[in-house]
Amino acid sequence: METLFIGQNQYFLQQVDSTNTYATTLLRNVNAPEGTIIFTDHQTHGRGQRGNSWNTDIASNITVSIILNPAFLPLQKTFYISKITALAIHDVLTDNLPGSQFDIKIKWPNDMLVNRQKIAGILIENQLNGTLLGHSVVGIGLNVNQVNFGDLDGIATSMKKISAQAFDRNIILERLCQALEKWYLRLKQGRYEEITEVYFASLYGHRQSLAFEDKAGQAFMAVLRHVREDGLLELALPDGSVRHYDLKEVKLMM
Ligand code: BTN
Numbered sequence: 002m003e004t005l006f007i008g009q010n011q012y013f014l015q016q017v018d019s020t021n022t023y024a025t026t027l028l029r030n031v032n033a034p035e036g037t038i039i040f041t042d043h044q045t046h047g048r049g050q051r052g053n054s055w056n057t058d059i060a061s062n063i064t065v066s067i068i069l070n071p072a073f074l075p076l077q078k079t080f081y082i083s084k085i086t087a088l089a090i091h092d093v094l095t096d097n098l099p100g101s102q103f104d105i106k107i108k109w110p111n112d113m114l115v116n117r118q119k120i121a122g123i124l125i126e127n128q129l130n131g132t133l134l135g136h137s138v139v140g141i142g143l144n145v146n147q148v149n150f151g152d153l154d155g156i157a158t159s160m161k162k163i164s165a166q167a168f169d170r171n172i173i174l175e176r177l178c179q180a181l182e183k184w185y186l187r188l189k190q191g192r193y194e195e196i197t198e199v200y201f202a203s204l205y206g207h208r209q210s211l212a213f214e215d216k217a218g219q220a221f222m223a224v225l226r227h228v229r230e231d232g233l234l235e236l237a238l239p240d241g242s243v244r245h246y247d248l249k250e251v252k253l254m255m
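Below, the structure written as structure tokens:
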């Protein structure tokens with residue numbers, strides 16, 4: 002793999018419960034170098050956000066966890082790991098799905114959309130080391146060649162489904178590692194403004210009025226004003242009030 006460190010150390014597992022869980026256990030037992038990736042063809046207990054599961058066809062998609070050591074990052078900037086991961090996936094999708102018919106967007110907090118359908122999900126699990134960030138396990142599920150999504154047809158999509166073209170998963174994985182490495186090195190250099198600028202340019206619904214649902218299941222409309230540096234979503238409500246929500250408190254409806 003042509004990278005400096007991401008993907009230089011690889012674990013390929015034919016089957017595993019969850020690559021994120023595997024990475025977390027690995028970190029307890031061995032000294033895995035930064036950039037180690039855990040990649041599998043079959044996750045039996047893939048985990049998503051909000052306690053959801055993540056199920057995909059065997060050997061069709063990218064199911065990977067990447068170990069990072071962002072001890073340089075101030076704790077209040079932890080959400081930047083989400084931002085750069087989304088930007089890396091955005092880059093890979095933009096390169097492989099060229100043309101104006103593909104509207105590639107980041108959906109707060111960490112879904113990737115193409116033409117308003119979900120193509121990838123991100124699950125980041127951080128460990129603290131005293132007051133610093135220790136290890137970060139960046140889990141990515143990117144739908145590449147799966148074409149049937151069962152109940153989620155129309156809600157979920159893949160690179161193949163949207164473009165009618167199959168992709169080589171190894172090449173996509175390498176591109177993903179390269180893109181994440183590029184953004185991670187920018188983050189390490191403290192290029193926060195640049196990252197934030199590109200993030201907002203790629204954010205679904207920025208400054209638009211959208212439908213949300215609160216944790217009681219109540220639907221409401223609000224303008225997506227901002228995503229704060231700490232990752233909270235800032236919404237302007239029709240009554241003029243401004244509210245902040247974390248990912249467990251609100252869902253952006255499509
Ligand atoms: C979501 O959209 O809710 C996040 C999905 C994250 C799925 C990936 S697949 C690789 C890694 N291992 C897991 O168990 N989950 C993440």
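Going letter by letter, the sequence shown gives residues 2 to 255 in this note's numbering. Even for Gly, the Cβ is constructed at its ideal location relative to N, Cα and C. Remember, it's a predicted structure, so these values are computed and weren't measured experimentally.
* Alpha carbon of residue 236 to alpha carbon of residue 186, nearest angstrom -> Mapped onto the sequence shown, residue 236 falls at position 235. Mapped onto the sequence shown, residue 186 falls at position 185. About 31 Å.
* Closest by C-alpha distance to residue 146, when choosing among 45, 61, 82, 165 -> The residue you call residue 146 lines up with position 145 of the sequence shown. Closest option to residue 146, Cα to Cα, is 61.
* Can you tell me the Cα-Cα spacing of residue 47 and residue 244, whole angstroms? -> Within the sequence shown, the letter at position 46 stands for residue 47. Within the sequence shown, the letter at position 243 stands for residue 244. One alpha carbon belongs to residue 47, the other to residue 244, and they sit about 32 Å apart.
* **Cβ-based burial, residue 192 [other Cβ within 10 Å; buried from 16]** => Here residue 192 corresponds to residue number 191 of the sequence shown, with the count starting at 1. It is exposed - the Cβ of residue 192 has fewer than 16 other Cβ atoms within 10 Å.
* Is any heavy atom in ligand 1 found nearer than 8 Å to the beta carbon of residue 111? -> Your numbering for residue 111 matches position 110 in the sequence shown. Checking every heavy atom of ligand 1 against the Cβ of residue 111, one is found closer than 8 Å.
* Asked: Quick one: is the Cβ of residue 53 within less than 8 Å of any heavy atom of ligand 1?
  -> Numbered from its first residue, the sequence shown carries residue 53 at position 52. Ligand 1 approaches residue 53 closely enough that one of its heavy atoms is under 8 Å from the residue's Cβ.
* **Close-in-space but distant-in-sequence residues of the same chain around residue 87 (CB under 8 Å, 5 per side omitted)** => The count along the sequence shown starts at 1 and reaches residue 87 at position 86. Listed in chain order, the non-local C-beta contacts of residue 87 below 8 Å within the same chain comprise 107, 111, 113, 123, 200, 203, local neighbours out to five positions each way being set aside.
* To do: For residue 7, name the three-state secondary structure that DSSP assigns.
  => What you label residue 7 is simply residue 6 of the sequence shown in a count that begins at 1. Residue 7: coil per DSSP, three-state reduction.
* Please state if the CB of residue 58 and the CB of residue 15 are separated by a distance shorter than 9 Å. => Indexing the sequence shown from 1 puts residue 15 at position 14. Indexing the sequence shown from 1 puts residue 58 at position 57. At least 9 Å separates the beta-carbon of residue 15 from that of residue 58.
* Proximity below 9 Å, CB of residue 71 to CB of residue 137 -> Here the question's residue 71 lines up with position 70 in the sequence shown. Here the question's residue 137 lines up with position 136 in the sequence shown. A contact, by the Cβ cut-off of 9 Å.
* Sorted by chain position, which residues of the same chain lie with C-beta nearer than 7 Å to residue 227's C-beta, five sequence neighbours on each side aside? -> Working through the sequence shown from its first residue, we reach residue 227 at position 226. Contacts found: 235.
* Distance between residue 253 and residue 163 (C-alpha atoms, nearest Å) -> Counting from 1 along the sequence shown, the entry for residue 163 is found at position 162. Counting from 1 along the sequence shown, the entry for residue 253 is found at position 252. Straight-line measurement puts the Cα of residue 253 at about 22 Å from the Cα of residue 163.
* So residue 189 and residue 73 are in contact, right, with Cβ under 8 Å, and what is the actual spacing, rounded? -> Position 188 of the sequence shown, counting from 1, holds the residue named residue 189. Position 72 of the sequence shown, counting from 1, holds the residue named residue 73. Sure, about 6 Å apart at Cβ, within 8 Å.
* Asked: Using the C-alpha atoms, what's the distance from residue 160 back to residue 166?
  -> Here residue 166 refers to the residue found at position 165 when the sequence shown is read from its first residue. Here residue 160 refers to the residue found at position 159 when the sequence shown is read from its first residue. When rounded, the distance between both Cα atoms is 8 Å.
* Going by DSSP, which residues form a beta bridge with residue 122? -> As a working mapping, residue 122 is identified with position 121 in the sequence shown. Beta-bridge annotation (DSSP): residue 122 is paired with 112, 142.
* Asked: Shortest alpha-carbon distance to residue 94 belongs to which of 241, 176, 40?
  -> For the purposes of this step, residue 94 is taken as residue 93 along the sequence shown, with counting starting at 1. Ranking 241, 176, 40 by Cα distance to residue 94 puts 176 first.
* **Simplified DSSP assignment, three categories, for residue 21** => The sequence position of residue 21 within the sequence shown is 20, counting from 1. In the structure shown, residue 21 sits in a helix (DSSP, three-state: H, G or I).
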